[in-house]
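Terminal number for the sequence shown in the numbering used here: 460, no gaps in between. Idealized CB from N, CA, C, for every residue including glycine.
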Amino acid sequence: MEDRAGGDGTGNMTAAVFGSSGAIGGSMAASLAKNGRFSAVMAGSRAVILPVAGCRPFRFDLDDEASIAEAAAALPQPIGLVLVCTGLLHDQASNIVPEKTLRALDGATLARLYAVNAIGPALIAKHVMPRLPRQGRCVFAVLSAKVGSIGDNRLGGWHAYRASKAALNMMIRNFAIEMRRTHPQAIVAALHPGTVESNLSAPFRRGVPSDKLFTPDYAAEKLLGVVDRLTHADSGGLFAWDGMRLPD
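In structure tokens:
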């Protein structure tokens, strides 16, 4: 990631990662701290705080709006970058698995994936975005997924996950439009990390070519590079790890 400290005004700004206990979120927080571009890097986890080198930890609960509001209010200002790295695809303990057919649809599973993949990030945006600086470049980005692209969907299946990520992508588009009115230089974007070696992808990596299976550190490096290159014209879009803009 290019070091532009001082050149883009981030040297005195805060970066915050919601979901630093995950593989990608932890790597992104550690990379930001190591890079030194921000005066403070805040690393937030949902339950037990896991220390990330060079970061200041905070706690939030994606299911508890009050805890999100409290975490947002405590972020040191000015805030230059917010990354939301939360997400759910499967959970063996709750018998949540991607559906292969509509006969497998389950109301509780749909509700849970919407809660984690769309509602939680939207509530983070609700409480964080008003605290972003009204002047100067700042970025609010969420981890989404290519399978949430309606235009790219050729295979079907994975109904709850696809739909919840599509909902997230729509939220991002809405937020980008609204932020233009009050924060004209803010950038709001969704990011697709590819297939990353993590608990989320573990059951679904069979057949993925080795050159398309990324380590968390590699994915973090690529995604932070994408974030660095985003312009105001990109706000509201979904971008892959290689910088390609994906269809809505």
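Would you kindly check if the distance between the Cβ of residue j and the Cβ of residue i is under 8 Å?
i    : j    : result
A227 : F250 : yes
V296 : L344 : no
A388 : G332 : no
A330 : L380 : yes
S403 : A337 : Contrary to the premise, residue 403 reads as Leu rather than Ser in this sequence. Cβ atoms of L403 and A337: not closer than 8 Å.
F270 : G292 : no
H444 : I384 : no
R374 : N365 : yes
A357 : M240 : no
L335 : A401 : no
V340 : V439 : no
I308 : D460 : no
V408 : A235 : yes
L436 : S243 : yes
G231 : T298 : yes
Check residue i in the structure and name its three-state DSSP category.
i    : result
S257 : strand
D303 : strand
P269 : strand
V294 : strand
L192 : Coverage of the chain is limited to positions 213 through 460, which leaves residue 192 absent and any answer about it impossible.
I384 : helix
H404 : strand
L274 : coil
L442 : coil
I389 : helix
I236 : helix
A217 : Any reading at A217 must be qualified, since the residue scores a pLDDT of 35, below 50, and its modelled position is unreliable; the value itself is stated next. Note: A217 maps to coil in three-state DSSP.
S376 : helix
What residues are listed by DSSP as bridge partners for residue i?
i    : result
R457 : F451
A398 : C350
L425 : T407
A241 : DSSP, once it has assigned bridges, lists no residue as partnering A241.
I308 : D303
A252 : T226
Any idea if residue i is buried or exposed, counting beta-carbon neighbours within 10 angstroms, 16 or more meaning buried?
i    : result
A323 : exposed
K246 : exposed
K434 : buried
K377 : buried
V229 : buried
R216 : At R216 the pLDDT is 36, less than 50, meaning the model places this residue with poor confidence; the figure from the coordinates comes in the next sentence. When all chains shown are included, R216 counts as exposed.
E311 : buried
G161 : Since the first residue shown for the chain is 213 and the last is 460, residue 161 is missing from the structure and cannot be characterised.
M456 : exposed
G319 : exposed
T394 : exposed
T321 : buried
G238 : buried
P405 : buried
A285 : exposed
T222 : buried
R346 : exposed
P428 : buried
Note the first and the last residue of the continuous beta strand (DSSP E) segment covering residue i.
i    : result
T226 : T226 to F230
A353 : C350 to L355
Residue range of the alpha helix (DSSP H) that residue i falls in?
i    : result
A286 : E277 to A286
G332 : G332 to V340
L182 : This structure cannot speak to residue 182, because the chain is shown only from 213 to 460.
Would the beta-carbon of residue i be found less than 7 Å away from any heavy atom of the ligand PLP?
i    : result
S361 : In the structure shown, the ligand PLP is absent, as is every other ligand, since no ligand is present at all.
Check whether chain C comes within 8 Å of residue i, counting only Cβ atoms and requiring the distance to be less than that.
i    : result
A227 : Structure shown: chain C not included; a single protein chain is present.
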